[in-house]
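**Student:** So that we are looking at the same thing, I have put the structure below in structure tokens.
Numbering (the working numbering), first residue to last: 2 to 259.
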């Protein structure tokens with residue numbers, strides 16, 4: 002990771018959970034980390050906890066599903082820091098709905114963030130790398146075990162469209178790799194597919210915590226990973242020798258049944 006010190010990384014969905022853990026790891030390895038989130042105030046709070054670290058965290062407010070906001074954010078990063086060397090596409094949502102009933106707006110939101118948002122950020126990052134002659138950059142997608150099949154819980158929780166979006170992320174990762182090979186580029190691409198991770202995503206999907214309880218309540222009967230486990234996988238992929246592309250990592254908690 003020494004070669005990444007002082008270089009610029011973008012982490013989407015950096016306000017909490019996996020994204021926050023990734024941002025913290027990269028800052029501690031000396032990177033200038035652009036934390037993009039709709040709730041940039043939480044990124045600012047995270048920044049305060051990193052005073053004295055060898056790198057720096059910067060907060061950017063943007064909705065990655067909005068093309069104009071994505072373009073404006075990357076333009077701002079270019080103006081202030083020169084461009085992007087690493088992109089971690091972490092921003093994503095679940096969304097409980099069925100293919101029988103929708104609603105369509107829920108489907109659209111899932112695809113806009115998990116697929117189109119990821120793709121737009123990737124486009125901007127690759128253009129930044131290409132125009133500056135950066136040939137050792139790295140694009141990392143945070144996928145899901147749900148992108149490797151249709152687990153039974155997809156039916157139980159109504160996350161078929163979410164699963165479809167994560168299948169798309171797997172396909173897009175290989176698609177980008179082939180495009181880079183065609184261009185004779187040494188920019189690397191990785192997808193990391195976790196199983197269950199203890200984050201706030203279940204709250205966003207409508208699960209409720211009883212009064213007096215905390216996030217532990219939602220995960221007490223389910224084996225799960227911690228956000229730090231995924232952040233460490235990102236560091237592993239970035240830290241591999243330049244001739245090594247860690248193309249895909251699947252991480253499951255011990256005992257996961259799907």
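Just so you know, even glycine gets a beta-carbon here, dropped at the ideal spot from N, CA and C. Since this is a predicted model, take the numbers as computed values, not measurements.
On the criterion of 16 or more Cβ atoms from any shown chain inside 10 Å, does residue 27 qualify as buried, or is it exposed?
**Tutor:** Buried.
**Student:** Along the chain, which unbroken stretches of the alpha helix (DSSP H) at least 4 residues long are found entirely within the segment 25–65?
**Tutor:** If we require 4 residues or more, the alpha helix (DSSP H) runs fully inside the segment 25–65 come out as 41–49.
**Student:** Exposed or buried, residue 76, counting other C-beta atoms within 10 Å across all chains shown (16 or more means buried)?
**Tutor:** When all chains shown are included, residue 76 counts as exposed.
**Student:** Check each candidate in 171, 173, 18 and name the one with the smallest Cα separation from residue 294.
**Tutor:** Not covered by the structure: residue 294. The range shown for the chain is 2 to 259.
**Student:** Would you say the segment 168–179 touches the segment 215–231, given that touching needs at least three Cβ pairs under 8 angstroms?
**Tutor:** No, the segment 168–179 is not in contact with the segment 215–231.
**Student:** How many angstroms separate the CA atom of residue 180 from the CA atom of residue 63?
**Tutor:** Spanning the two alpha carbons is a distance of roughly 27 angstroms.
**Student:** With residue 235 and residue 141 assumed to form a contact (beta carbons below 8 angstroms), what rounded beta-carbon distance in angstroms separates them?
**Tutor:** Between residue 141 and residue 235 the Cβ distance is about 6 angstroms, and since that is below 8 angstroms, they are a contact.
**Student:** Looking at C-beta atoms only, is the number of pairs between the segment 37–52 and the segment 234–252 that lie closer than 8 angstroms three or more?
**Tutor:** Verdict: no, contact absent.
**Student:** Please report the Cβ distance between residue 198 and residue 228, rounded to the nearest whole angstrom; I am assuming they are in contact, meaning their Cβ atoms lie under 8 angstroms.
**Tutor:** Right, their Cβ atoms sit about 6 angstroms apart.
**Student:** When you compare each of 138, 162, 233, 256 to residue 123 by their alpha carbons, which one comes out closest?
**Tutor:** It is 138 whose Cα lies nearest to the Cα of residue 123.
**Student:** Could you compute how far the alpha carbon of residue 114 sits from the alpha carbon of residue 3?
**Tutor:** For residue 114 and residue 3, the distance between alpha carbons rounds to 32 angstroms.
**Student:** As a quick exercise: from 74, 158, 68, pick the residue whose alpha carbon is nearest that of residue 117.
**Tutor:** Checking every option, the nearest Cα to that of residue 117 belongs to 68.
**Student:** Since I believe residue 71 is in contact with residue 125 (beta carbons under 8 angstroms), could you give me their beta-carbon distance rounded to a whole number of angstroms?
**Tutor:** 6 angstroms between Cβ atoms; contact.
**Student:** What's the gap between the Cα of residue 127 and the Cα of residue 212?
**Tutor:** Each residue's alpha carbon lies about 46 angstroms from the other.
**Student:** Starting from residue 90, follow the beta strand (DSSP E) in both directions and report where the run begins and ends.
**Tutor:** Segment 87–90, the beta strand (DSSP E) holding residue 90.
**Student:** Sorted by chain position, which residues of the same chain lie with C-beta nearer than 6 angstroms to residue 51's C-beta, five sequence neighbours on each side aside?
**Tutor:** Here the set comprises 28, 58.
**Student:** Helix or strand or just coil, what does DSSP make of residue 20?
**Tutor:** If DSSP states are grouped into helix, strand and coil, residue 20 belongs with the helices.
**Student:** Looking only at DSSP bridge pairs, what is residue 73 linked to?
**Tutor:** Partner(s): none; residue 73 has no beta bridge.
**Student:** Using the three-state DSSP reduction, which class does residue 249 fall into: helix, strand or coil?
**Tutor:** Here residue 249 sits in strand by DSSP.
**Student:** Among residues of its own chain, excluding the 5 on either side of residue 256, which ones have a beta-carbon nearer than 8 angstroms to its beta-carbon?
**Tutor:** Here the set comprises 224.
**Student:** Just tell me which of 233, 259, 245 has its CA closest to the CA of residue 24.
**Tutor:** The option with the nearest alpha carbon to residue 24 is 233.
**Student:** Quick check on DSSP: helix, strand or coil for residue 243?
**Tutor:** In this structure, residue 243 counts as coil in the three-state DSSP scheme.
**Student:** Are the Cβ atoms of residue 100 and residue 161 separated by less than 7 angstroms?
**Tutor:** Yes.
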